[in-house]
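Residue numbering for the sequence shown follows my numbering, beginning at 1199 and increasing consecutively.
Report on the structure given below.
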Amino acid sequence: MKKNQARVNVKRPWFAMASMMIGAFVGMLSETSLNIALPQLMKTFQINSGSVQWLVTGYMLVIGIILPFSSLLTKWFTTRQIVITGLLDFIIGAVIAALAPSFTILLIGRMIQGLGTGLILPLMFTVAMLIFPPHKMGTAMGVCALVIMLAPAIGPTITGIILGKLAWNWIFWFFIPFLLIALICAIAGLPNVGQITKPKVDLLSLLESIIGFSCLVMGVSFASDLGWGSPAVLMMLVVGIIVLVLYAYRQLHLEQPIINLHVFKKVAFAQGAIGVMLDFAIILSAMYLLPQYLQRGLLLPVALTGIIMLPGGIINAIVSAFAGRLFDSLGAKKPAVAGFAIAVIGIIMLIFSSNKSSIAYVIAAHIILMIGCPLAMSPVQTHALNALQGPESADGSTILNTMQQIIGAVATALATSFLSLGQNAYHGMDKAAQFTNGVHFGLYFTLALALAGLILALTLKPEDATADLK
């Protein structure tokens, strides 16, 4: 906690946190809930996988752009203003999406939702640190972490149940009652924390961040439709990379950067950050491919697809809950190596699946994957943050949260590109078999990520974090 942030005495801290916890839960629920609806949305709007994946990547892109500015926003606006604005943004976005007559309007609504999530998500942890006494801090942070872990795990199942009985737009109507409850809680009990200092805003950094990340994600996303050799794709990728290099250079030379990239000088942080990004990319790409494989490869109904995704999601939440403790007793290397190795096994099992595979086999492969990913995630994240001290810890946390969303968007776009490539390579087969082979191509990309994570985990050294602090 920064020195200029005084602890706030709140009589009912859990009620004060309710609005942000509900908002963050719905926001993270929304991140994975649409994956299972993508096949239906493709039919409804007559679009291909390259277009529909923007509902996932666009949402994460907006969150990723907003997160680095969360600290700056708290110095310009009160906690209540930010949270209430975020909740209203999400409600407006959900209504627009639910009533959307076209894919373009649906995407606009979806990205407005991302804006709301990006405003609320980082504040949940910041406010928790300021309103809970030290002896309750562990419990508070544990509940906040559980909110983040549980929501994506049950998102596909909830969506499957909704789509089994109702139309796709009811996914968005489902969010609204919870958001209204959160809004009431925010108005009734959310305190203002922190100080309004209104520091100078570096508009050039803001523009570079938006342009750089947007061009990069758009370039990768459009490649699935236009091809990697397309002049438009190459132009977006080149512009994105150049602008991001300029953005990084500017952040390294500003006295008060938007995001402190100097933390990457710490070897342990750099290793842990890369590990976190690889792990998150594995989860997001697999969560994008698997529901579509179940519906378009195995030809299963959407409600059953949601139920099949549930065991792996629950296992993910359970393993996430205790994986952090393994770092205390074993350090980062052993659980990270084990986690990435287990993830490799789960992905290989999915690659060997076919359009004739049994449901039990797919569930088993998904469970194995969902054991491995969280087993590696918490230790490498802690390994990264332990290399930092003081204000750098907040900077490191912001970087990890931001890059998770950006890398998640890029990984989903790349998985889509490989999916399309695989389908095009198997013309002449029946559609289910053709789509299954496309999924295999996408999983080859996911496997490459897991193998890269395993190699990285093997290079971790227990003394890195402490060595960097000396």
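Cβ coordinates follow ideal geometry from the N, Cα and C atoms, glycine included.
Which of the three DSSP states, helix, strand or coil, is assigned to residue i?
i, result
"R1494", "helix"
"V1542", "helix"
"A1298", "coil"
"A1663", "Per-residue confidence for A1663 stands at a pLDDT of 43, beneath the threshold of 50, marking its modelled position as unreliable; the derived number appears in the next sentence. Helix."
"E1406", "helix"
"H1581", "helix"
"Y1624", "coil"
"E1229", "helix"
"K1198", "Residue 1198 lies beyond the residue range present for the chain, which begins at 1199 and ends at 1668; the question has no answer from this structure."
"K1200", "With a pLDDT of 44 at K1200, under the threshold of 50, the predicted position of this residue should be treated as unreliable, though the coordinate-derived value follows. Coil, per DSSP."
"E1453", "coil"
"T1242", "helix"
"N1458", "coil"
Taking all protein chains shown into account, decide if residue i is buried (16 or more other Cβ within 10 angstroms of its Cβ) or exposed.
i, result
"R1210", "exposed"
"R1494", "buried"
"I1360", "buried"
"K1396", "exposed"
"F1213", "exposed"
"I1653", "exposed"
"P1299", "exposed"
"N1246", "exposed"
"L1667", "For L1667, the predicted model reports a pLDDT of 44, less than 50, meaning its position is unreliable and no value from the coordinates is stated."
Figure out for me which residue from the options has the closest Cα to the Cα of residue i.
i, options, result
"F1370", "G1225, H1625 and A1216", "G1225"
"L1567", "L1502, A1541, I1557 and L1573", "A1541"
"I1506", "A1558, L1497, L1432 and M1258", "A1558"
"I1294", "M1433, I1374 and L1498", "I1374"
"A1521", "L1305, G1387 and V1578", "V1578"
"M1219", "L1482, L1658, N1246 and A1338", "A1338"
"L1619", "F1330, S1591, G1248 and I1513", "G1248"
"T1670", "I1382, I1346, F1372 and M1416", "No answer is possible for residue 1670: it lies beyond the span of the chain, which begins at 1199 and ends at 1668."
"I1440", "A1430, V1431, C1413 and G1427", "C1413"
"N1207", "S1556, V1281, L1313 and F1330", "F1330"
"L1319", "G1410, A1216 and T1242", "A1216"
"L1286", "S1231, Q1311 and P1354", "Q1311"
"G1636", "S1518, P1237, Q1251 and Q1621", "Q1621"
"A1585", "V1461, L1498 and M1240", "V1461"
"K1463", "L1297, A1582 and C1342", "A1582"
"S1231", "L1270, T1355, L1297 and M1309", "T1355"
"I1261", "A1471, A1222, N1233 and W1274", "A1222"
"T1272", "F1633, I1546, I1394 and V1431", "I1394"
"G1529", "G1316, S1268 and L1656", "L1656"
- [ ] Mind the definition here: the region 1467-1485 touches the region 1603-1622 only if three or more C-beta pairs lie below 8 angstroms; say whether that holds.
- [x] Touching, per the Cβ criterion.
Open item on the list: Contact between the region 1547-1557 and the region 1439-1459 is defined here as three or more beta-carbon pairs at a separation below 8 angstroms; is this criterion met?
Closed with: Cβ pair count under 8 angstroms is below three, so no.
TODO: Determine, using beta-carbon pairs with one atom in the region 1587-1600 and one in the region 1620-1628, whether at least three such pairs fall under 8 angstroms.
DONE: The way I'd put it, the region 1587-1600 doesn't touch the region 1620-1628; fewer than three beta-carbon pairs between them come closer than 8 angstroms.
Open item on the list: Does the contact criterion of 3 or more C-beta pairs under 8 angstroms hold for the region 1496-1516 versus the region 1641-1660?
Closed with: The region 1496-1516 makes no contact with the region 1641-1660, as fewer than three CB pairs between them are under 8 angstroms.
Open item on the list: Does the contact criterion of 3 or more C-beta pairs under 8 angstroms hold for the region 1530-1539 versus the region 1436-1446?
Closed with: For the pair of segments examined, the region 1530-1539 was found not to touch the region 1436-1446: the number of CB pairs separated by less than 8 angstroms stays below three.
Task: At least three beta-carbon pairs within less than 8 angstroms, the region 1250-1258 to the region 1290-1310 - done: Touching, per the Cβ criterion.
Task: Inter-stretch contact at 8 angstroms, needing at least 3 Cβ pairs: the region 1417-1431 / the region 1454-1471 - done: No: fewer than three Cβ pairs fall under 8 angstroms.
Open item on the list: Can you confirm whether the region 1374-1384 touches the region 1278-1287 when touching is taken to mean that 3 or more C-beta pairs between the two stretches lie within less than 8 angstroms?
Closed with: With a cut-off of 8 angstroms, the region 1374-1384 and the region 1278-1287 count as touching, because enough Cβ pairs lie within range.
Open item on the list: Whether or not the region 1515-1531 and the region 1569-1577 are in contact is what I'm after, with contact meaning three or more pairs of Cβ atoms, one per stretch, closer than 8 angstroms; do they touch?
Closed with: Segments in contact, yes.
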